[in-house]
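Enquirer:
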Amino acid sequence: MSVINEAGILALSTRLQRLSEQLRRDGALIYKSFGIEFEPKWFPVIFALDQKEVLSVVEIANEIGYTHPSTISLLKELEKKDLIKSKKDKLDERKRLILLTPKGVELVGQVQPIWELIASVLGEISDNENHLLKAIEEAEAKIANQTFYHRALQQKNSK
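My numbering puts the first residue of the sequence shown at 9, with every later residue one more than the last.
1. Count the other CB atoms, across all protein chains shown, that sit within 10 Å of the CB of T79; report buried if there are 16 or more and exposed otherwise.
2. Measuring alpha carbon to alpha carbon, tell me which residue in N165, Q120, L161 and E146 is nearest I44.
3. Determine contact between the region 52-63 and the region 21-35, defined as no fewer than three beta-carbon pairs at a distance below 8 Å.
4. In chain order, what residues of the same chain have a beta carbon less than 8 Å from the beta carbon of P48, not counting five sequence neighbours either side?
5. Determine contact between the region 77-91 and the region 109-127, defined as no fewer than three beta-carbon pairs at a distance below 8 Å.
6. Near I126, which residues of its chain fall below 7 Å by C-beta distance, leaving aside the five closest residues on each side in sequence?
So, in structure tokens, the structure goes:
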């Protein structure tokens, strides 16, 4: 057993990152095995735009749970790939609205069956005694209620 695994709960973030990186690497290989150029990091934006059609930059950041700078960086990459485009909001000229390009819509059509495959396999992986997805949802809800940082401060100050 590695020292990180032995660290238990103290290494939670490290282990989640490790799991995430493994899933992303394998996800990239799955897309590649189908001959499709698709990066797993693109998924949240492409999926959100497929579901909602048009979103502002702030709305995308909120939908996917990324910071504004991270979202902007991802949007720039997708724009360079001609998968998304932006237009000005008619009601607020300062606001940029983001939507899929025809190439982006075509890509969604190609990856849809792959998403179904990935969902099936991830369902198998997460369907275990401890119900991984449910545990993550519960942890996210607790953090949304009170952040990790604020909980730590509260415990520190109560000692």
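C-beta: ideal position from N, C-alpha, C; glycine also. All figures in this text were calculated on a predicted structure; none of them were measured in a lab.
Expert: Taking the coordinates as given:
1. The residue given as residue 79 occupies position 71 in the sequence shown. T79 is buried by the Cβ-count criterion.
2. For this step, residue 44 is matched to residue 36 along the sequence shown. For the residues N165, Q120, L161 and E146, the minimum Cα distance to I44 belongs to Q120.
3. Taking 8 Å as the limit for Cβ pairs, the verdict is that the region 21-35 does not touch the region 52-63.
4. To locate residue 48, count along the sequence shown from 1; it is residue 40. Only L31, R32, G35, A36 and Y39 meet the Cβ criterion.
5. For the pair of segments examined, the region 77-91 was found to touch the region 109-127: the number of CB pairs separated by less than 8 Å reaches three.
6. Reading the sequence shown from its first residue, position 118 is the one you call residue 126. Once the five neighbours on either side are set aside, the close Cβ partners of I126 are G35 and I38.
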